[in-house]
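The sequence shown begins at 1 in the numbering used here and counts up by one. Think of the CB as a built atom: it goes at the ideal place given N, C-alpha and C, for glycine as much as any other residue. All figures in this text were calculated on a predicted structure; none of them were measured in a lab. Have a look at the structure below before the remarks.
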Amino acid sequence: MPNFSALAKRGSFKQLTTSIPPQSPVAWSNLITGMNAGGHGIFDFIHRDPKTLQPYFSTSRVEPPRRGIHLGNWFIPLGSGTAEQLRHGKAFWETLDDYGIPNTIFRIPANFPPVKAKGFTLSGMGTPDLRGTYGTFTFYTDDSLSTAGAVEGGEILSVQVENSQVHANLIGPDNTFRKGSPPATEPFTVSVDPLDPVAKIELQDQKVILKEGEWSDWINVEFQLIPFIGNVRGICRFYLKQAHPRFELYVSPVNIDPAAPALPISTPKNYSHELSEEAGEFYTQGISEDTKALSAGVLDDKEYLEQARTVLAEHRRIFDVEFPKFKKGVFFFYFSSLDLNSHMFWRLIDPKHPQYDTTRAAEYGSTLPDFYQQIDQVLGEVMGRLDDHTTLLVLSDHGFAPYYRSFNLNTWLLNNGYITLKSGGSSSNEAFANVDWSRTRAYGLGLNGLYINLRGRERQGIVEPGAQADALLKEIKHKLLAVRDLQSNLAAITRIDRASDAYQGPYAQQGPDLLVGYNRGYRAGRQTILGNFPVDIFEDNTNPWSGDHCMDYTLVPGVLLSNRTIDASNPSLTDIAPTIFAQFGITQPDGMMGRSVFSSTH
Ligand SMILES: [Zn+2]
1 MPNFSALAKR GSFKQLTTSI PPQSPVAWSN LITGMNAGGH GIFDFIHRDP KTLQPYFSTS
61 RVEPPRRGIH LGNWFIPLGS GTAEQLRHGK AFWETLDDYG IPNTIFRIPA NFPPVKAKGF
121 TLSGMGTPDL RGTYGTFTFY TDDSLSTAGA VEGGEILSVQ VENSQVHANL IGPDNTFRKG
181 SPPATEPFTV SVDPLDPVAK IELQDQKVIL KEGEWSDWIN VEFQLIPFIG NVRGICRFYL
241 KQAHPRFELY VSPVNIDPAA PALPISTPKN YSHELSEEAG EFYTQGISED TKALSAGVLD
301 DKEYLEQART VLAEHRRIFD VEFPKFKKGV FFFYFSSLDL NSHMFWRLID PKHPQYDTTR
361 AAEYGSTLPD FYQQIDQVLG EVMGRLDDHT TLLVLSDHGF APYYRSFNLN TWLLNNGYIT
421 LKSGGSSSNE AFANVDWSRT RAYGLGLNGL YINLRGRERQ GIVEPGAQAD ALLKEIKHKL
481 LAVRDLQSNL AAITRIDRAS DAYQGPYAQQ GPDLLVGYNR GYRAGRQTIL GNFPVDIFED
541 NTNPWSGDHC MDYTLVPGVL LSNRTIDASN PSLTDIAPTI FAQFGITQPD GMMGRSVFSS
601 TH
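Following this line, the structure appears as structure tokens:
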């Protein structure tokens, strides 16, 4: 990484303290607002409503219109649906706007829908696909052995090839105009060549011919909600995995079309349209890399890698269009590749990983370094254009570590008597379906959160606030820090923070009571995160999602590089907004915790 080395040598290269917990929505909100979760209210990917104990995604809420008139099968909405940003606190670019400083903020996480702004912003992580999910791919197959149905992040649909043709439906958003809100669908036809591994896809007025193993460009699709009135546009990509003997077709999540967005994704409103004109269509869904399709086995390593490379290619294309326009003010650009691909390819660079495989490592072990080198090339472009009056900051919101083993926090709480289940409960997968709340004192939710079942806060809270809650938190913390994984004899948890110590600000009381910091190699298991109880406390991580950072925040710091000398000895994410303000002589707004990492202004 010659450009990173040169920058480190010429300027500064330091560790950057990440957020508690070190999850992207929390970390980026720290950077965006200059406050911790007590100030911006984002504590985890997943929050819970203390009254219903139902989990929900923390950063935004998309709601269909609530009131309307039923007319036969149709529901005519009064007013439109809404998307609401749940992060609190003022974003640093809103302050820049106040001072008339031009800015472009490209795909910063935790900004959907984008806050009102005068500058150019495009939303990133947290932006839903057209169905309102965080990405639902579809896999059409005639293999009767593969189980049709929902998988995490996708849907497998069985189809039949008859006379070399497949008739199938593309699934769109729930049609809130129709009674019962069934999903809108659009039919498409695939004609499979009887001899050659080639197929022709026809959707609306478009025809695409794909060879086996080939991806389509973006295909436009318009879903009719109410004929001629309430249509929405999306874009998707087709991948012909196999023509025959089996028919296998992957379709990407239907993304919000940046040329005609169904939900707000940019400021000004037509910015996403202009970008698509200048740089071509692009993924608009928050996490664009289809890690779920790889985890589900629908895409293999090679196929996922092609998809992930497309995402970076799109970002580089947009960067090449946008960066030369930057003359003054602030230009921020987010690249997702290092985060998502470290998640997926850690297993091929780490021989200690339970899924390490020598053959695959030989084939794909250089994948992750390749992504780093591409980002290095981008830095080279930036440095080549930089003048002496411009401050450059390059940073990551957290570091990375292996994810070898899962810790099922709720199972541990159950086995240690903090949670009691109802006898003969149902086998429902709903969060905490079988929990007897009248005999439960604490529960885990989200990737790092542990909550007390507190009287007056939780609907059936039994733990008295004050001394009783305090003693319980101390007891649980003490016991959790002593837990050893018998397989490795390592501590599973190396740090636990009390919310009352970690958070300052108006929302400090709204998050978890304890922030569980897992040891390097450990993370909360997928089921415990959503309030379920696998049998074992520890499990090997068998998912391709093999690297992670939702751990003890001191073990996964980010990095900060600059072309100037960084004077702060322990810079932190909350220092970035104050650093930006200091560059323009802007007085630091009240409530911001950090300070500029440079001792003098430029
Ligand atoms: Zn990540």
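Relative to ligand 1, H343 has its C-beta within less than 7 Å of a heavy atom. Note on R385: under 16 other CB atoms within 10 angstroms of its CB, so exposed under the neighbour-count rule. The segment 528-543 makes no contact with the segment 376-396: fewer than 3 CB pairs, one atom from each, lie closer than 8 Å.
When secondary structure is reduced to three states using DSSP, Y304 falls in the helix class. According to the DSSP assignment, E63 belongs to the beta strand (DSSP E) that extends over 60-63. In this structure the segment 37-46 lies against the segment 15-26, because at least three pairs of beta carbons, one per stretch, are closer than 8 Å. By the CB criterion at 8 Å, I476 and L454 fall outside the cutoff. DSSP lists E63 as the beta-bridge partner residues of T82. Counting only runs of 3 or more residues that sit fully inside the segment 208-259, the beta strand (DSSP E) segments are 219-224, 231-236, 238-242, 248-251, in chain order. Rounded to whole angstroms, the separation of the alpha carbons of P557 and S572 is 9 Å.
Distances between the C-beta of S337 and the heavy atoms of ligand 1 are all 7 Å or more.
Distances from the CA of A502 to each of G38, R595, T18 were compared; the closest alpha carbon is that of G38. Going by DSSP, R564 is part of no alpha helix (DSSP H) at all; its letter is neither H nor E. Excluding the 5 residues flanking it on each side, P589 has same chain C-beta neighbours closer than 7 Å at K90, T95, in chain order.
DSSP places N341 in the uninterrupted alpha helix (DSSP H) bounded by 337-345. Excluding five sequence positions before and after F13, the CB atoms of its chain that fall closer than 6 Å to its own CB belong to L561, given in chain order. Secondary structure of P197 (DSSP, three-state): coil. Per DSSP, reduced to three states, the secondary structure at A469 is helical. Between A199 and L157, the gap from beta carbon to beta carbon reaches 8 Å or more. Setting aside the 5 residues that flank it on each side, L31 is surrounded in the same chain by L573, I576, each with a C-beta closer than 6 Å to its C-beta; the list follows chain order.
Looking from the CA of G517, the closest CA among L249, S423, A401 belongs to A401.
One Cα belongs to V535, the other to R484, and the distance between them is close to 17 Å. Nearest to A491 by C-alpha distance, out of A168, I101, N519, R48, is N519. Just so you know, the alpha carbons of T17 and L555 end up roughly 10 Å apart. Within its own chain, the residues whose Cβ lies closer than 7 Å to the Cβ of S252, once the five positions on either side in sequence are excluded, are F137, C236, R237, D290, listed in chain order. In the three-state scheme derived from DSSP, where H, G and I count as helix and E and B as strand, D97 is classed as helix.
As computed with DSSP, G329 is found in no beta bridge at all. Between W93 and G126, the C-beta spacing is not below 8 Å. In this model, S19 and D552 are separated by some 10 Å (Cα to Cα). The distance from the Cβ of V232 to that of P173 is about 6 Å, consistent with a contact at the 8 Å cut-off. Closest in C-alpha terms to G154, from the list K269, G399, P245, L299, comes L299. Under DSSP, I452 takes part in a beta bridge, and its partners are A442. Counting other Cβ atoms within 10 Å of its Cβ, E277 stays below 16 and is therefore classed as exposed. Distance from the C-beta of S29 to the nearest heavy atom of ligand 1 is not below 7 Å. For A110, the closest of T121, S164, I101, R87 by C-alpha to C-alpha distance is R87.
Collapsing the DSSP output to three states places I171 in a strand.
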